[in-house]
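The sequence shown maps to residues -19 to -1, 1 to 246 in mature numbering (1 follows the signal peptide of the UniProt record, and there is no 0). All residues carry an ideal CB built from backbone N, CA and C; glycine is no exception.
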Amino acid sequence: MKFKLILLLVVFSLSPIQAENLFQDLDPQRDMKVSILKGFKYVKTFNDEGQISFTIKQASEANNLRMTIAKELQVGQTYHLSFTAIAKGQGQVSVGYGTESIQSKKLKPQQLGLKRSFTTKKEPQSYKCTFKVSKKIDAQAKAVFDFSLGAFQGDLIFKDFKLVQVPNPRKIHGKGVIEQVKAPTSVPVQAKKPTLTKAEKVKAERAAKFAKLKAEKAAKAAKRAEAAKAAEAAKRAEAAKSNEAEQAAPEKDEAISPKKVFINI
């Protein structure tokens, strides 16, 4: 019995344990923050499948458009960050893990073990970043994953975010490693329409109502113009008919009136 118990413990220890996905409950609309340089033109949308998409109208400096995900990790531990990128355009995307600057507290940004970039491709690609958290952050600082998108132009979709803690198998470069993995077999071609805010919905409803009233007003004006045109045509026809009757009346009277004959006696 003791031997069987030991054997079971050995088998259990050798069996692979599924690592916990630290982004299991990630909600792009709630957890992803987008920061832009004033005047930078882009469009951001979400969909129900947990993906975020960007339409970037101009390429500029990478940090002019940033997407961040706040996540505090353990110092000295190694992690895998994986995601899928679907691009229709060109440019480079940088991904990193570090702290954000806080000007009011004079805190400068820190790189915490990951700072890599990749060139987008037309077909969907999945990427895996391996990095080791290198430093302990200030108590007032906030650690984030930072995707710098300003150097890209076109349509870009991110989905399938996964973050897991892994053993320390080998020495890892101070800026981490990024590698392309097998692309998913099926991905949505286009993101769904953006979810409007309450203010945007009110604005859209007002615009639709105004457009409807304008169309109804134009239709009524056209109907009145058509009626006036028909009335004018009928009036002209009646006038013409009356003129013809007046011109024919004297000839008729002259034809039937008896001629007077005077006889001298």
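Check                                                                                                                                                                              : Outcome
Distance check for ILE33 and ASP136, CA to CA, integer angstroms please.                                                                                                           : 11 Å
Kindly list the residues whose CB is nearer than 6 Å to the CB of ILE37, restricted to its own chain and excluding five residues on each side of it in sequence; keep chain order. : TYR23, PHE133, GLN134
Between ASP141 and chain B, is the shortest Cβ-Cβ distance under 8 Å, so that the two count as touching?                                                                           : Annotation note: the requested chain B is absent from the structure, which comprises a single protein chain.
So if DSSP puts GLY79 in a beta bridge, which residue, or which two residues, is it bridged to?                                                                                    : GLN92, VAL125
Within 10 Å of its beta-carbon, does ALA124 have 16 or more other beta-carbons around it, so buried, or fewer, so exposed?                                                         : buried
What residue from GLY31, ASP119, GLN146, GLY20 has the CA that sits closest to ASP12's CA?                                                                                         : GLY31
Decide if THR178 is buried, meaning its Cβ has at least 16 other Cβ atoms within 10 Å, or exposed.                                                                                 : exposed
So what does DSSP say about ALA40, is it helix, strand or coil?                                                                                                                    : coil
Any idea what DSSP makes of PHE4, helix, strand or coil?                                                                                                                           : coil
VAL74 to ALA202, Cα distance in whole Å?                                                                                                                                           : 55 Å
Classify GLY57: buried if its beta carbon has 16 or more other beta carbons within 10 angstroms, exposed otherwise.                                                                : exposed
What span of residues does the beta strand (DSSP E) with ASP136 cover, start to end?                                                                                               : 134 to 147
On the DSSP letters alone, give me the boundaries of the beta strand (DSSP E) that ARG11 sits inside.                                                                              : Run containing ARG11: none in the beta strand (DSSP E); it sits in the alpha helix (DSSP H), 9 to 12.
Is the Cβ-Cβ distance between LYS109 and SER63 less than 8 Å?                                                                                                                      : yes
Beta-carbon within less than 7 Å of GLU1's beta-carbon, same chain only, minus the 5 sequence neighbours each way: which residues are those?                                       : VAL145
Quick check on THR99: does DSSP put it in helix, strand or coil?                                                                                                                   : It should be pointed out that residue 99 corresponds to Phe in this sequence rather than to Thr. It is a strand residue.
Output the distance between the C-alpha atoms of VAL158 and GLN10, rounded to the nearest integer angstrom.                                                                        : 28 Å
Identify which residue in GLN228, GLN106, THR101, PRO90 has its Cα closest to the Cα of ASP127.                                                                                    : PRO90
Check whether the Cβ atoms of ALA68 and THR101 lie closer than 8 Å to each other.                                                                                                  : yes
Hey, would you say LYS113 sits closer than 8 Å to ILE153, going by beta carbons?                                                                                                   : yes
At what residues does the beta strand (DSSP E) containing THR153 begin and finish?                                                                                                 : The sequence given here has Ile at residue 153, not Thr. Counting along the chain, ILE153 falls outside any beta strand (DSSP E), and DSSP gives it neither H nor E.
Sorted by chain position, which residues of the same chain lie with C-beta nearer than 8 Å to PHE21's C-beta, five sequence neighbours on each side aside?                         : GLN39, SER41, ASN45, LEU46, GLY131
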